[in-house]
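Take a look at the structure below.
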Amino acid sequence: MAREAGFDLAGLAPFAPPHRADEFRRWLALGRHGDMDYLAEFGPRITDPPAHLPWGRSVLVVGLGHSRPPVSTTDGARIARYAAGRDYHNVVGKRLKLLARDLRREGLLREFKKVVDAGPLMERAHAARAGLGFESKAANLLHPRFGPWFFLGELVLDVELEPTEAVPAGSCGTCTACIDACPTGAIVAPGEVDARACISYLTIEQKGPNDRELRAAAGDWLFGCDVCSEVCPWGQRAPDLAERFGTHAAVAELDVLDWLRAPEKLETDVAGSPLQRAGVDGLLRNAIQFVGRRPRDEAGPMLAHLLTTAAAPLVRDAAAWALARAHGADAKARTALERRREQEPVEWVRRGVEVELERLER
Ligand code: SF4
Ligand code: SF4
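Numbering (our numbering), first residue to last: 18 to 379.
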């Protein structure tokens, strides 16, 4: 029935605390979730879901492949492949709803809870238990056909169903390609990512300013990062499913300078795309930092304008960093930074401008 609802993979697991509950508690205690306070807040539910949903008996985990070729803007900024098309939350969520309706019609459940990505469930652990793949050193789930390129979704069911006999699907073995390739060293141990250093966190989840050193290390990434998935030998032969989610208009034909030129259009442009998760200010910060790493002459005046006029401190801070880094040799850029140092009302932004000017003077 899950296949009929449009999913590629499906399996059943008992609705029980995930086997990684202690690891997750330790990860939280170490602060490796960064600013994602919702993870700490959801912690008790994630580590002991039956205490939160006492009627739950089984969890039906589904997978939907999204493998596709790399995605770049016209000026070479990279967007994580999963985020290039329609918002998968809607796609997976709608299919799960239809599946639940069919299961209910067949008398296979009364109560259910649907989870896609943001719900309080350790999806990867339950999915591994349901036989959808194996947990990797890159802290994701690998499947022999799709590698790391598939979405997960869950239905918590109020009926006790025979768990899927977990199929031993493979292992990382001696491979360490993802750990070696991670641009920021965010995979701190096999299977453990320190979100605070991960480019996906920095460009999507972090609502405040990125660490200055890490801004420089994000390479061409504008939204998310696929490096650990791209180097993984699993999934190298995954099917091209680009048609499945399409390419959102906000991504097709995008030049990052379009966002700098008309930031007021951004919110409408990204509606219905996974990109909206980063928020307008977050996307603008990412775009500004990208042009700081990949300088273009025409970006200089735009950065100076944003440095002076942007309402969000986050954007002014990123503009100061990018202007100093990419156009620091230009007298006009120096003047704009010096003026901002005099006029900036927000202390942490002013301090950032000072740091950049001090660096230019060295
Ligand atoms: S997504 Fe990128 S930054 Fe994050 S762990 Fe993977 S390679 Fe490292
Ligand atoms: S790159 Fe190698 S170590 Fe990393 S997840 Fe893939 S198989 Fe495992």
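Ideal Cβ placement from N, Cα and C applies to all residues, glycine included. Note that the structure is predicted; figures quoted are calculated from it, not measured.
Using DSSP's beta-bridge definition, name the partner residues of residue 168. Answer by DSSP bridge pairing, in chain order: 81.
Since residue 120 contacts residue 126 with CB under 8 Å, what's their CB separation in whole angstroms? With 8 Å as the limit, residue 120 and residue 126 qualify as a contact, their Cβ atoms being about 5 Å apart.
Let me check you understand the geometry: is the CB of residue 207 closer than 7 Å to at least one non-hydrogen atom of ligand 1? No, the beta carbon of residue 207 sits no closer than 7 Å to any heavy atom of ligand 1.
Beta strand (DSSP E) segment containing residue 354, residue limits: Residue 354 -> not in any beta strand (DSSP E); alpha helix (DSSP H) instead, spanning 348–360.
Is residue 55 buried or exposed, if buried means 16 or more other CB atoms sit within 10 Å of its CB? Under a 10 Å Cβ-count criterion, residue 55 is classified as exposed, with fewer than 16 other Cβ atoms of the shown protein chains found around its own Cβ.
What residue from 97, 61, 52 and 37 has the CA that sits closest to residue 259's CA? The candidate whose alpha carbon is nearest that of residue 259 is 97.
Which listed residue (34, 194, 257 and 228) has its alpha carbon closest to that of residue 70: The shortest CA-to-CA distance from residue 70 to any of 34, 194, 257 and 228 is the one to 34.
Note down the Cα distance separating residue 32 from residue 75, rounded to an integer number of angstroms. Residue 32 and residue 75: Cα-Cα distance of roughly 4 Å.
By a C-beta neighbour count over all protein chains shown, 10 Å radius and 16 as the cutoff for buried, is residue 39 buried or exposed? With fewer than 16 Cβ atoms within 10 Å of its Cβ, residue 39 is classed as exposed.
Return yes when at least one heavy atom of ligand 1 lies under 7 Å from the C-beta of residue 264, else no. No - ligand 1 has no heavy atom lying nearer than 7 Å to the Cβ of residue 264.
Residue ranges of each alpha helix (DSSP H) run of no fewer than 4 residues wholly in the region 137–194, ordered along the chain? Assignment of alpha helix (DSSP H) within the region 137–194, counting only whole runs of 4 or more residues, yields 140–146 in chain order.
Does the distance between the C-beta of residue 249 and the nearest non-hydrogen atom of ligand 1 fall short of 7 Å? Checking the Cβ of residue 249 against ligand 1 gives no.
Are there 16 or more other CB atoms within 10 angstroms of the CB of residue 77, so buried, or fewer, so exposed? By the 10 Å Cβ count, residue 77 comes out buried.
Pull up the CB-CB distance for residue 195 and residue 248, whole angstroms please, since I reckon it's below 8 Å. Right, the Cβ-Cβ distance comes to about 6 Å (below 8 Å), so this counts as a contact.
Do residue 341 and ligand 2 come close, with the Cβ less than 7 Å from some heavy atom? Checking every heavy atom of ligand 2 against the Cβ of residue 341, none is found closer than 7 Å.
Of the residues 309, 63, 308 and 267, the one placed nearest residue 290, counting alpha carbons only: Comparing alpha carbon positions, the residue from 309, 63, 308 and 267 closest to residue 290 is 267.
CA-CA distance, residue 19 and residue 330? Going by C-alpha positions, residue 19 is about 46 Å away from residue 330.
For the candidate residues 336, 21 and 263, whose alpha-carbon lies nearest to that of residue 323? The shortest Cα separation from residue 323 among 336, 21 and 263 belongs to 336.
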